[in-house]
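Please read the structure below before turning to the comments.
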Amino acid sequence: MDDEQTEAHPAGSEHRAWPTRHGGGYPPGWHVRYRFRGRLGRARSASCATPVWHERAGTVTGHSLRDAHTSTTWVPVRPDGSATDTPVSLVRATDILDARPPGPTARART
Numbered sequence: 001m002d003d004e005q006t007e008a009h010p011a012g013s014e015h016r017a018w019p020t021r022h023g024g025g026y027p028p029g030w031h032v033r034y035r036f037r038g039r040l041g042r043a044r045s046a047s048c049a050t051p052v053w054h055e056r057a058g059t060v061t062g063h064s065l066r067d068a069h070t071s072t073t074w075v076p077v078r079p080d081g082s083a084t085d086t087p088v089s090l091v092r093a094t095d096i097l098d099a100r101p102p103g104p105t106a107r108a109r110t
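Here this note's numbering is used: the first residue of the sequence shown is 1, the next is one more, and so on.
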């Protein structure tokens, strides 16, 4: 089996429409929190072997893409706060930490 396993839906009827992680894809418009490797601020030296992970939030802008050769699912995401004409980033589904449908947040509903 590959490294992108699907997970069961969270308990409760309110989560039935949520996609399973990694293999199920994420519908356009969903809000996701994801991690990425990269540089923010000052550059790190090339000799540093430990990857630098950062977290970012964004919105899914299209349907997921599946690479048949590597069995990797890629999700097009536009980072929060970026302009609408900003190119989307392709994020590995395994790097998505959590997702929620569009609409009010859980805190706003209570």
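Ideal placement from N, C-alpha and C gives every residue a C-beta, glycine not left out.
Give a yes or no on whether the C-beta atoms belonging to residue i and residue j are separated by under 8 Å.
i, j, result
"tyrosine 26", "serine 64", "yes"
"arginine 78", "threonine 61", "yes"
"valine 32", "isoleucine 96", "yes"
"arginine 92", "threonine 72", "yes"
What are the start and end residues of the beta strand (DSSP E) that includes residue i?
i, result
"aspartate 98", "96-100"
"proline 79", "72-79"
"tyrosine 26", "Per DSSP, tyrosine 26 belongs to no beta strand (DSSP E) and is neither H nor E."
"glycine 58", "53-60"
"histidine 31", "31-37"
To the nearest whole angstrom, what separates the beta carbons of residue i and residue j, a pair I think is in contact under 8 Å?
i, j, result
"proline 76", "tryptophan 30", "Contact doesn't hold; Cβ gap of about 11 Å is too wide."
"aspartate 80", "alanine 57", "5 Å"
Between which residues of its own chain and residue i is the CB-CB distance below 8 Å, once the five residues before and five after are set aside?
i, result
"proline 87", "none"
"histidine 54", "Arg35, Phe36, Arg37, Gly38, Leu40"
Output yes if chain B places a C-beta closer than 8 Å to the C-beta of residue i; else output no.
i, result
"aspartate 67", "Protein chains in the displayed structure number just one, and chain B is not present."
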